[in-house]
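Enquirer: Everything in the sequence shown is counted per our numbering, starting at 294 for the first residue and increasing by one.
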Amino acid sequence: MGDRRPRVWVSQPLFDDVVEPLGQHFDLTTTGEVTAYTPQQLAEQLADVDGALITLNERIGAAEIAAAPRLRAIANVGVGYNNLDVDALSAAGILASNTPDVLTETTADLGFALLMATARRITEAERWLREGQWGQWSFQTMLGADIHGSTLGILGMGRIGQGIARRGALGFGMRVLYHNRSRLPQATEAEVGAQYVDLDTLLAQADHLLLVLPYNASSHHIIDAAALARMKPTATLVNIARGGIVDELALADALANGRLAAAGLDVFEGEPNIRPELLALRNIVLTPHIGSASQATRRAMVQLAVDNLVAALGKGPDAGNPPSAINADAVNAALAGAAGAVAKKTDDAKR
Ligand code: DGY
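Here it is as structure tokens:
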């Protein structure tokens with residue numbers, strides 16, 4: 294191996310001026326065009342690098358890890374990291390990190406924008422106007438649902454959920470209900486203006502339900518036909534988390550048959566492929582996973598990922614302590630276990 298400079302790979306075009314300083318510490322390979330890697334291509338890219346800066350497009354599991362013997366750090370540019378097999382990374386001693394906090398308010402903004410566009414039928418109305426269907430102003434045109442004064446339900450009450458709660462409670466005078474794996478401290482509930490309820494109550498009482506929970510085995514299709522049946526037929530559903538949280542066929546069926554008023558989706562199970570059943574609907578707003586997509590926030594996410602990667606590979610002011618590592622404890626335990634095993638082997642050999 295010698296003492297070559299560590300190698301770092303950046304999987305997608307990000308912001309050159311933010312990424313290039315990685316070259317101060319590492320041999321840097323960037324990617325000029327948006328690329329959809331096959332698992333084989335991804336494994337090849339990772340085969341000889343010490344660290345990688347990746348996005349949600351790149352799925353890293355046991356096979357990719359096995360093909361990457363030098364890999365020590367993965368910096369995910371995004372807060373959600375369901376594209377990573379964190380247990381497998383930890384077992385291999387690879388530090389993984391994500392980009393929380395910097396995107397909280399921007400993503401909460403988009404959640405609210407999508408809620409308003411959906412409940413007030415903004416994109417549907419625009420399509421209708423552009424189609425030349427607006428013959429005369431009328432009282433019955435594009436009647437939607439009120440936001441102000443209604444009941445906002447939030448499923449998943451992390452930082453982004455709390456940002457949405459504040460907007461609803463303080464900006465729009467909404468009654469805000471939430472459900473989360475763990476209840477927030479009372480002081481936080483009071484600050485964000487939200488009240489904890491069980492999932493059934495949330496589904497039954499929300500006029501608008503926003504999904505902001507992490508995607509994992511227990512949240513897969515948590516919004517299925519049975520959950521949709523518990524919601525008000527006049528309700529709006531908005532998903533800015535991950536597509537797999539919603540059973541999209543059940544949702545399309547509920548929207549087509551008047552069992553739910555409207556939906557706003559920023560994320561999709563098979564994205565970028567969208568089910569024809571969703572595309573065919575009138576009462577749905579669809580955006581291409583742009584929750585955190587403001588100039589300033591996307592730059593801040595890349596900067597945080599760069600800082601994480603530099604630190605995870607033992608360089609810079611946070612050397613050894615990436616600002617937002619996901620699995621630091623598990624990696625330390627795995628490395629300590631491996632070191633213990635090596636020490637035992639050496640001791641055994643000496644006996
Ligand atoms: C996130 O940060 O998880 C967003 O979905 C974009 O990556």
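Even glycine gets a Cβ: it sits at the ideal position worked out from N, Cα and C. Only a predicted model underlies this, so the values are computations on that prediction, with no experimental measurement involved.
(1) Just to confirm my understanding: we take P393, look at its own chain, exclude 5 residues before and 5 after, and list those with CB closer than 6 Å. What are they?
(2) List the residues that DSSP assigns as beta-bridge partners of L496.
(3) Quick check on DSSP: helix, strand or coil for Q488?
(4) For the 8 Å Cβ check, are there 3 or more pairs between the segment 340 to 347 and the segment 601 to 614?
(5) Any chance the CB of G584 is under 8 Å from a heavy atom of ligand 1?
(6) Cβ of V539 within 8 Å of any heavy atom in ligand 1?
(7) Please name the residue, chosen from Q338, N350, A368, that lies closest to P362 on a Cα-to-Cα basis.
(8) Once you ignore the five residues that flank L542 on each side, which residues in its own chain have a CB closer than 8 Å to its CB?
(9) Quick check: what's the CA-CA separation for A634 versus G354?
(10) Measure the C-alpha to C-alpha separation of G551 and L496 and round it to an integer number of angstroms.
(11) Which residues in the same chain as S383 place their Cβ atom closer than 7 Å to its Cβ, once the five residues preceding and following it in sequence are excluded?
(12) Which one of I358, L307, D320, A401 has the shortest CA to CA distance from V531?
(13) Beta carbon of G373: closer than 8 Å to some heavy atom of ligand 1?
(14) Let me confirm a value: L436 is counted as buried when at least 16 other C-beta atoms fall within 10 Å, else exposed. Which label applies?
(15) Could you check where the beta strand (DSSP E) with D320 kicks off and where it finishes?
(16) Using beta-carbon positions only, say whether V395 and A593 come within less than 9 Å of one another.
(17) Hey, is V327 close to ligand 1, as in C-beta under 8 Å from one of its heavy atoms?
(18) Roughly how many whole angstroms lie between the Cα atoms of R460 and Q333?
(19) Could you check which residue in L408, H501, T397 has the C-alpha nearest to that of T580?
(20) Is there at least one non-hydrogen atom of ligand 1 closer than 8 Å to the beta-carbon of L377?
(21) Do three or more CB pairs link the segment 411 to 418 to the segment 459 to 476 at distances below 8 Å?
(22) Please report the distance separating the alpha-carbon of M294 from that of R365.
(23) Within a Cβ cutoff of 7 Å, which residues of the same chain sit near L553, ignoring the five residues on either side of it in sequence?
(24) As an exercise, report each continuous alpha helix (DSSP H) stretch of at least 4 residues that is fully enclosed by the segment 536 to 575, in chain order.
(25) So does M435 have its beta carbon nearer than 8 Å to some heavy atom of ligand 1?
(26) Over what stretch of residues does the beta strand (DSSP E) that includes N532 continue unbroken?
(27) Determine whether the beta carbon atoms of L349 and N375 lie at a separation below 9 Å.
(28) With a threshold of 8 Å (Cβ to nearest heavy atom), would V560 be considered close to ligand 1?
(29) In the segment 388 to 474, which residue ranges form an unbroken beta strand (DSSP E) of at least 3 residues, counting only runs that do not cross its ends?
(30) Within the continuous beta strand (DSSP E) that includes A345, where are the two ends?
(31) Can you tell me which of the three DSSP states L477 falls into?
(32) DSSP state of V599, grouped into three classes?
(33) Since V303 sits in a beta bridge, which residues does DSSP pair it with?
(34) Is A618 helix, strand or coil by DSSP?
(35) If you count every other CB in all the chains shown that lies within 10 Å of the CB of L463, and 16 or more means buried, which is it?
(36) Between A458 and V485, how many whole angstroms is the CB-CB distance? I'm expecting something under 8 Å.
Expert: Considering the structure as presented:
(1) So the list reads V372, S617, once near-sequence residues are dropped.
(2) In DSSP, L496 forms no bridge with anything.
(3) Look at Q488 here: in three-state DSSP terms it is strand.
(4) Here the segment 340 to 347 makes contact with the segment 601 to 614; the two share three or more CB pairs at distances below 8 Å.
(5) Taken from the Cβ of G584, at least one heavy atom of ligand 1 lies inside 8 Å.
(6) No - ligand 1 has no heavy atom lying nearer than 8 Å to the Cβ of V539.
(7) Considering only alpha carbons, the answer is Q338.
(8) For L542, where only same-chain residues beyond five positions count, the Cβ hits under 8 Å are R568, E570.
(9) For the pair A634 and G354, the Cα-to-Cα distance works out to about 24 Å.
(10) Those two C-alpha atoms are separated by around 17 Å.
(11) If we look at S383 and ignore the five residues flanking it on each side, its Cβ neighbours are N620, A623, V624, A627.
(12) Measuring from the Cα of V531, the nearest candidate turns out to be A401.
(13) At least one heavy atom of ligand 1 is nearer than 8 Å to the Cβ of G373, so yes.
(14) Within 10 angstroms of the beta-carbon of L436 lie fewer than 16 other beta-carbons, which makes it exposed.
(15) Run containing D320: 320 to 322, per the beta strand (DSSP E) assignment.
(16) Closer than 9 Å, so yes.
(17) Outside the cutoff, so no.
(18) Going from the Cα of R460 to the Cα of Q333 covers about 44 Å.
(19) Of all alpha-carbon atoms in L408, H501, T397, the one lying nearest the alpha-carbon of T580 is that of L408.
(20) No, the beta carbon of L377 sits no closer than 8 Å to any heavy atom of ligand 1.
(21) At 8 Å Cβ cutoff, the stretches do not touch.
(22) Confidence in M294 is poor, its pLDDT being 47 and thus under 50, which makes the residue's placement too unreliable to answer from.
(23) Exclusion of the five residues before and after L553 leaves L521, M524, P526, A528, L530, A547 as the residues of its chain whose Cβ lies within less than 7 Å of its Cβ.
(24) Within the segment 536 to 575, complete alpha helix (DSSP H) segments of at least 4 residues are found at 541 to 549, 569 to 572, given in chain order.
(25) Exclusion of M435 from the 8 Å shell around ligand 1 follows from its C-beta lying no nearer than that to any non-hydrogen atom of the ligand.
(26) Taken as a continuous stretch (DSSP letters only), the beta strand (DSSP E) holding N532 covers 529 to 532.
(27) Yes, the Cβ-Cβ distance between L349 and N375 is below 9 Å.
(28) Answer for V560: yes, Cβ within range of ligand 1.
(29) Annotation note: the segment 388 to 474 contains the following uninterrupted beta strand (DSSP E) runs of length 3 or greater, listed N- to C-terminal: 388 to 390, 444 to 448, 468 to 472.
(30) Following the DSSP letters along the chain, one finds A345 inside the beta strand (DSSP E) bounded by residues 344 to 347.
(31) In the structure shown, L477 sits in coil (DSSP, three-state: anything other than H, G, I, E or B).
(32) Secondary structure at V599: helix, using DSSP grouped into helix, strand and coil.
(33) According to DSSP, which records beta bridges pairwise, V303 is partnered with L346.
(34) Strand, per DSSP.
(35) Exposed, by the Cβ-count rule.
(36) Taking C-beta atoms under 8 Å as the contact rule, A458 and V485 qualify, at a distance of about 4 Å.
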